[in-house]
Each structure stands twice: as structure tokens, then as C-alpha cells.
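All remarks here apply to the structure that follows.
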Amino acid sequence: MGVVQVRLPEELEAAIDRRIAEGRIASSAEFLVEAARRYAADLDLDDEIVTEAEAGIAEAEAGR
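In UniProt numbering, the protein residues as written are 1 to 64.
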């Protein structure tokens, strides 16, 4: 696994620290990995939606 260093705004760091204190996640690294996974999945879904929308528009424009 690669290593990335980031600077976080204080409010985001505090939000992560709260989740760790609540026991919802083990570490800031785990939190950020999960956040990146979810964001990547959201972007993939966005791409699928755009592709489907474009196909539907093309079908409509073709009169089908």
C-alpha cells in the first residue's frame, strides 16, 4: 500500500478524532482509506449514470 501525506483542516481532523474516540474507526489512516474508497465508488457510480443518461438521450434523439 502506498503512503500519502496530507494536511487536513482542523475541523476535519477533529471529526476524525471524534470517530476514533467513539470507537467507530481504529485510526485516522483507516478513516481516510475508507473515505477514499467510498469517494471512488461514488465517482464510478456518477460515471455510470452519465453513460446511461447519454445513451438515453441518444435513443430519444434517434426517435427510439
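Using N, Cα and C, we set each Cβ at its ideal position, and we do this for glycine too.
Comparing alpha-carbon positions, the option among GLN5, ARG64, ALA60, ALA62 lying closest to VAL33 turns out to be GLN5. The beta carbon of PRO9 lies closer than 8 Å to none in the same chain, with the five residues before and after it left out.
The Cβ-Cβ distance between PHE31 and ARG18 does not fall below 8 Å. Collapsing the DSSP output to three states places SER27 in coil.
Each of ARG7, ALA29, ASP42 was checked against the Cα of MET1, and the nearest Cα belongs to ALA29.
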